[in-house]
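Asks:
Numbering (my numbering), first residue to last: 1 to 70.
#1: Looking at the secondary structure, which residues open and close the alpha helix (DSSP H) in which residue 62 lies?
#2: What is the residue span of the alpha helix (DSSP H) that residue 46 lies within?
#3: Taking DSSP as the reference, what is the three-state secondary structure of residue 28?
#4: Helix, strand or coil, according to DSSP, for residue 33 in the structure here?
Next up, the structure:
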């Protein structure tokens, strides 16, 4: 009886560890393919929309985006 409980607990621990590493690998590859927006990307987007980006405006937009993501 106790062997069955021990096997169950070990399987649970192994599953959690394996799930963690699989999720970590997936997130690392996702962030590599889709990097978060940085100041340079924001500047390029604003220029494509026909706006002249100032550093102050870029900083305001980055602050707003960081607040929204939290």
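From the three backbone atoms N, C-alpha and C, an ideal C-beta is built for every residue, glycine too.
Replies: Per the coordinate set shown:
#1: 55-69
#2: 39-48
#3: helix
#4: helix
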